[in-house]
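Novice: Once you've had a glance at the structure underneath, I'll fire off some questions.
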Ligand SMILES: Cc1ncc(COP(=O)(O)O)c(C=O)c1O
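In the numbering used here, the protein residues as written are 9 to 384.
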């Protein structure tokens, strides 16, 4: 199908841009001597993930058991579930293990480690477990120097548990926007996680895997000594938040929403489009950054950014296109009713999640449908 034949709003993947992003990350991580495990929560799409594996990725990272189940059913075996395993999810994790999935799970507390060990013992299963490390005060995890690290390792008793490594995610990288700060945080993420692994090894535990990563730190790490694998997710599409962080150009953003102009408020310099927050998501991630893109950057049909034009306001199914600097009083002529535009999202994971499928666009602008998982 051609773009002009699609019913709007729809989510578009620019496949050449996506492919470029995949190769950029894979090359960077491989050059630094680590393996790469993409986080598929961004696309939740088998076709996109196959392209990542084809480029050299090893295994996948997921953020829900549903993703693990869906990807396993599609033939992916090596799956890291990188959200602390709650006791109520043990049944689902166990079901995957029994079916032959090479599932790895995550913990950062003695209580949940004990729950995993007890469940494994009771059901004759062995869970591969990583301990989550907090290297930047961003979210969950145990500090590298904390006594709790060894307590959790001790609670992961064999044969119900096998400690396979440590994992960290320096999510505070999203708050940065200079190369120096990103390089420093990448080093903090690396050294903190390696330190945790060394403490475990010194205490007699095996800790083969040292898994780190977020898109900004993965692309800014200067060395990956001691790291065995890097994870990143949003880089596959990039988005406006990543653009403000400084790790991608606007013309590298591979996800956009195709929308149609449905009306105008000429005296206000507004064009109204059929992509409101239901299509773009409510994510206003660029609001506190150096450049606020409203609900998205407006582009022409070739995904070339129309400088200054953003979705400045959004209702459920209405988006307001306006020019930031001064109202464009000729906007009705510039974008007549029926004009199709493409909107780059603030946060690709959130915008993608608004749609049941993607339309993947090739070099010639022909689209194929790629389905997408949703729910938990
Ligand atoms: C545990 C974990 N690893 C990796 C990532 C990927 O981060 P990014 O999307 O910045 O690449 C995330 C994202 O939230 C995560 O939670």
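All C-beta atoms in this analysis are idealised placements derived from N, C-alpha and C, irrespective of residue type, glycine included.
1) Would you say residue 90 touches ligand 1, meaning its beta carbon is less than 6 Å from a heavy atom?
2) Measure the C-alpha to C-alpha separation of residue 332 and residue 187 and round it to an integer number of angstroms.
3) I'd like to confirm something about residue 223: is its beta-carbon nearer than 6 Å to some heavy atom of ligand 1, or not?
4) Alpha carbons only, please: which of 137, 133, 288 and 299 is nearest the one belonging to residue 121?
5) Please name the residue or residues paired with residue 170 in a DSSP beta bridge.
6) Does the count of Cβ pairs from the stretch 239-251 and the stretch 194-201 closer than 8 Å reach three?
7) Can you list, in chain order, the residues of its chain with a C-beta nearer than 6 Å to that of residue 304? Leave out the 5 residues immediately preceding and following it.
8) CA-CA distance, residue 112 and residue 341?
9) Examine the Cβ distances between the stretch 123-141 and the stretch 168-186 and report whether three or more of them are shorter than 8 Å.
10) Out of 266, 261, 45 and 124, state which residue places its alpha-carbon closest to the alpha-carbon of residue 62.
11) Report the CB separation of residue 368 from residue 21 in whole angstroms; it is logged as a contact under 8 Å.
12) What residue range does the beta strand (DSSP E) around residue 189 cover?
13) Go ahead and label residue 145 buried or exposed: buried means 16 or more other beta carbons lie within 10 angstroms of its beta carbon, across all protein chains shown.
14) Where do the N-terminal and C-terminal ends of the beta strand (DSSP E) with residue 349 fall, by residue?
15) How is the beta strand (DSSP E) around residue 384 delimited, first residue to last?
16) Suppose the cutoff is 8 Å on Cβ atoms and the five residues either side in sequence are ignored; what does the same chain contact list for residue 337 look like?
17) From the DSSP output, read off the bridge partner residues of residue 313.
18) If we call anything under 7 Å between Cβ atoms a contact, is residue 384 one with residue 49?
19) Specify whether the stretch 292-302 and the stretch 310-326 touch according to this definition: at least 3 beta carbon pairs, one from each stretch, less than 8 Å apart.
20) Taking 7 Å as the cut-off, decide whether the C-beta atoms of residue 329 and residue 281 are in contact.
21) Looking at ligand 1, does it come within less than 6 Å of residue 356, judged from the CB to the closest heavy atom?
Specialist: Walking through what the data contain:
1) Result yes, Cβ under 6 Å from ligand 1.
2) Looking at the two C-alpha atoms, the distance is approximately 27 Å.
3) Residue 223 has its CB nearer than 6 Å to a heavy atom of ligand 1.
4) Ranking the options by Cα distance to residue 121, first place goes to 137.
5) In DSSP, residue 170 forms a bridge with 136.
6) No: the two stretches stay apart, fewer than three of their Cβ pairs being nearer than 8 Å.
7) Answer for residue 304: 288, 319, 351, 352 and 353, listed in chain order.
8) For residue 112 and residue 341, the distance between alpha carbons rounds to 56 Å.
9) Yes, since at least three Cβ pairs between the stretch 123-141 and the stretch 168-186 fall closer than 8 Å, the two stretches touch.
10) Ranking 266, 261, 45 and 124 by Cα distance to residue 62 puts 45 first.
11) Rounded to whole angstroms, the Cβ separation of residue 368 and residue 21 is 5 Å, and the two are in contact under 8 Å.
12) Residue range 187-210 is occupied by the alpha helix (DSSP H) that includes residue 189, with no beta strand (DSSP E) assigned at that position.
13) It counts as exposed.
14) Counted as a single uninterrupted DSSP element, the beta strand (DSSP E) harbouring residue 349 occupies residues 348-352.
15) Boundaries cannot be given for residue 384, as no beta strand (DSSP E) includes it and DSSP labels it neither H nor E.
16) Hits under 8 Å: 274, 275 and 277.
17) In the DSSP secondary-structure assignment, residue 313 is bridged to 307.
18) The answer is no: Cβ separation not under 7 Å.
19) Counting Cβ pairs under 8 Å, three or more are found: they touch.
20) A contact, by the Cβ cut-off of 7 Å.
21) Not under cutoff, so the answer is no.
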